[in-house]
Amino acid sequence: MSVDLGQLRQEFSKRFDKQAVWGASAPGRVNLIGEHIDYNGGWVLPAAINRGTTIIAGPSRSERFSIQSLSFEQGFEWEDGELPEGPVEPAWANYFVGAYDQMVQRGYKIPPIEVLIATDIPIASGLSSSAAILVAIYTLFEAILRIQIPGPEKALWSQAAEHAERLRIRSGIMDQFISANAISGHALKLNCGTLDFKPVPLDPEKVSILIIHSTVARELVISAYNQRRLECEEGLKLLNEKSGREEEWLVGYSLEEFETLSDGMDETLKKRARHVISEQARVERFEEAFSKDLFDEGGRLLAESHISLRDDYEVSCQELDAIQEIASGLEGVYGCRMTGAGFGGCAVSLVQPDAVNGVATRIEEDFEKRMGKRPWTLISPATEGARKVL
Ligand code: GLA
6 MSVDLGQLRQ
16 EFSKRFDKQA
26 VWGASAPGRV
36 NLIGEHIDYN
46 GGWVLPAAIN
56 RGTTIIAGPS
66 RSERFSIQSL
76 SFEQGFEWED
86 GELPEGPVEP
96 AWANYFVGAY
106 DQMVQRGYKI
116 PPIEVLIATD
126 IPIASGLSSS
136 AAILVAIYTL
146 FEAILRIQIP
156 GPEKALWSQA
166 AEHAERLRIR
176 SGIMDQFISA
186 NAISGHALKL
196 NCGTLDFKPV
206 PLDPEKVSIL
216 IIHSTVAREL
226 VISAYNQRRL
236 ECEEGLKLLN
246 EKSGREEEWL
256 VGYSLEEFET
266 LSDGMDETLK
276 KRARHVISEQ
286 ARVERFEEAF
296 SKDLFDEGGR
306 LLAESHISLR
316 DDYEVSCQEL
326 DAIQEIASGL
336 EGVYGCRMTG
346 AGFGGCAVSL
356 VQPDAVNGVA
366 TRIEEDFEKR
376 MGKRPWTLIS
386 PATEGARKVL
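Converting from the sequence shown to our numbering requires adding 5 to each position, the first position being numbered 1.
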């Protein structure tokens, strides 16, 4: 992660007239394959990236909490025991107080503290700045209270904070889980129904992860995201009615079963369910291909995933499609697809390491020629999950 800890500590001393004594960092993420699968209880394959959020803190000299961020001018303060209910202003502060609420609800007492937050994850880029800030906050609380919150719990508590009334975001568990539990040099194949996971090696000598921003901020995504979730729930209900089974998740049905059972199903629901069930199969095939160094096969699966997200799940956009098309035509690229919730945000490409710098520049140039805007690109190793930094 590249937030400069020395500079952040200096800034903390300037703002609060004392040294920071606790600190924590948590990374953003990129999902290699298994998109819109986490809230359907299936397998996803994310990796943590070299961009993250760092939070440092010191004890308050009064009964007042004070939280500030380098990314936003306005901070937030409250007197111990007098935190208002419901969303607070500025909006970003709800991440901190939302995580704080979860600790209080679980019986922990956080003493009044002063806090400074910095991040180098571009906000609304689809690289999980939300999960990173939440997981970093819990890791900070671990340092302050001298406790250990197991990684999977940290992910669940982060998700609980997002779902609660201050934030009201119905996210799945993938982003928080990888930010809390990532292992350097690996992606995690995570079962979002059971939270079992398996590290999948990503040897940087064999494959590079290239992230390309679509130039479109992922802002209008919440209502469409929630709508997709409802469509999946509806699709599952119909398949269960028809089969007489009581599957908890859409991924409980195989593609063959789905083909027979979906006869006569509403076209939109059918497309949504087909994406989920076929994507699940692609995660399995991708992992198998990668375990045998069959990177071309893995790359083809990325392309199939993109097409399914574009045509069946309908969460891509012109810019992401353009990136996918440009990247797929370049020498040294195994595959490319949109990643994350969609409607903007980023694409991910797996590329031969000796070609990756050239590929990044070509995508930037060709995209600019075609779309009139230049995207930024990021080459990232698979990094470790959250950790204390002070
Ligand atoms: C967002 C959500 C995740 C996941 C992805 C789509 O990033 O936060 O939980 O659902 O979209 O795969």
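Glycine residues also receive a C-beta, built at the ideal position from the N, C-alpha and C atoms.
Keep in mind it's a predicted model, so treat the numbers as computed, not measured.
Residue i, enclosing alpha helix (DSSP H) - first and last residue
i: F418; result: With the chain represented from 6 up to 395, any question about residue 418 goes unanswered, as that position is not in the structure.
i: I214; result: No alpha helix (DSSP H) holds I214; the beta strand (DSSP E) holding it covers S213 to H218.
i: R111; result: Here R111 belongs to no alpha helix (DSSP H), and DSSP marks it neither H nor E.
i: L274; result: E272 to S296
i: E94; result: Segment: none, E94 is in no alpha helix (DSSP H) and carries neither H nor E.
i: H41; result: H41 -> no alpha helix (DSSP H), and no H or E assigned at all.
i: Y230; result: V226 to S248
i: D316; result: F300 to D316
Close beta carbons around residue i, own chain, < 6 Å, minus the five adjacent residues each side
i: P209; result: P386
i: V361; result: S213, L215 and I384
i: V26; result: G63
i: R66; result: none
i: I368; result: I217, I331 and A332
i: R317; result: In the sequence under discussion, the amino acid at residue 317 is Asp, which differs from the Arg named in the question. Cβ neighbours of D317 beyond the five flanking positions: K276, R279 and H280.
i: A123; result: V8, L13, T59 and L75
i: L200; result: P157
i: Y230; result: A346
i: D85; result: E68 and P117
i: C190; result: Residue identity differs from the one stated: residue 190 is Gly in this sequence, not Cys. Cβ neighbours of G190 beyond the five flanking positions: A387.
i: V226; result: A346 and F348
Residue i - partner residues in DSSP beta bridges
i: H191; result: P206
i: K393; result: A29
i: S385; result: I214
i: W48; result: N196
i: A352; result: I217 and M343
Residue from the options with nearest C-alpha to residue i
i: Q232; options: S176, L207, N186 and R151; result: S176
i: L255; options: G390, G240, A327 and G269; result: G240
i: R379; options: Y44, S354, E389 and L325; result: L325
i: I217; options: S189, F372, I282 and L244; result: F372
i: L50; options: G39, A148 and P95; result: G39
i: P206; options: E82, G340, I174 and L37; result: L37
i: E87; options: L314, S71 and R277; result: S71
i: C322; options: G337, M343, A308 and G304; result: M343
i: V120; options: I138, G112, R111 and A187; result: I138
i: A52; options: K393, E167, T388 and V394; result: T388
i: L355; options: E319, V226 and L299; result: L299
i: G46; options: N196, S130 and G57; result: N196
i: T359; options: L10, V338 and P89; result: Note on residue identity: the sequence assigns Asp, not Thr, to residue 359. Here the closest residue by C-alpha is V338.
i: V353; options: D301, A308, Q107 and E370; result: A308
i: I42; options: H168, T220 and G198; result: G198
i: R20; options: I61, Y44 and W48; result: I61
i: A31; options: R234, R151 and I188; result: I188
i: I183; options: H168, A166, P204 and A169; result: P204
i: R173; options: G112, M179 and W97; result: W97
i: L395; options: R151, G303 and S134; result: R151
i: S228; options: A365, V320, G249 and S313; result: V320
i: G334; options: G304, Y113 and A104; result: G304
Span of the beta strand (DSSP E), counted from its first residue to its last, around residue i
i: V35; result: W27 to N36
i: I154; result: Where I154 is concerned, there is no enclosing beta strand (DSSP E), given that its DSSP letter is neither H nor E.
i: E119; result: I118 to T124
i: E82; result: F81 to E84
i: C197; result: Where C197 is concerned, there is no enclosing beta strand (DSSP E), given that its DSSP letter is neither H nor E.
i: M343; result: V338 to T344
i: L255; result: Note, L255: premise wrong, no beta strand (DSSP E); not H, not E.
i: Q73; result: R69 to S74
i: A52; result: P51 to P64
Same chain, Cβ closer than 8 Å to residue i, five either side skipped, listed in chain order
i: L306; result: I38, R287, R290, F291, A294 and G340
i: F263; result: L244, A278, R279 and I282
i: Q24; result: R14, F17, S18 and G63
i: E252; result: L241, L244, N245 and Y258
Same chain, Cβ closer than 7 Å to residue i, neighbours up to 5 away in sequence not counted
i: Q79; result: P95
i: E236; result: T273, L274 and R277
i: Q181; result: A136, L139, V140, A160, S163 and Q164
i: V102; result: L88, V93 and R171
i: A222; result: A129 and G349
i: Q285; result: I42, G47, W48 and V256
i: Q153; result: E147
i: D301; result: Y339
i: S313; result: H280, S283 and E284
Rounded Cβ spacing between residue i and residue j (contact assumed at less than 8 Å)
i: A327; j: M376; result: 6 Å
i: L193; j: V35; result: About 12 Å separates the two Cβ atoms, so there is no contact after all.
i: S7; j: N55; result: 7 Å
i: A185; j: G33; result: Not quite, the Cβ-Cβ distance comes to about 12 Å (not below 8 Å), so this is no contact.
i: I118; j: I142; result: Contact doesn't hold; Cβ gap of about 11 Å is too wide.
i: T144; j: K297; result: 36 Å between Cβ atoms; not a contact.
i: Y44; j: R315; result: Rounded, the Cβ-Cβ distance is 20 Å, inconsistent with contact.
i: A169; j: D106; result: 7 Å
i: F146; j: M108; result: 6 Å
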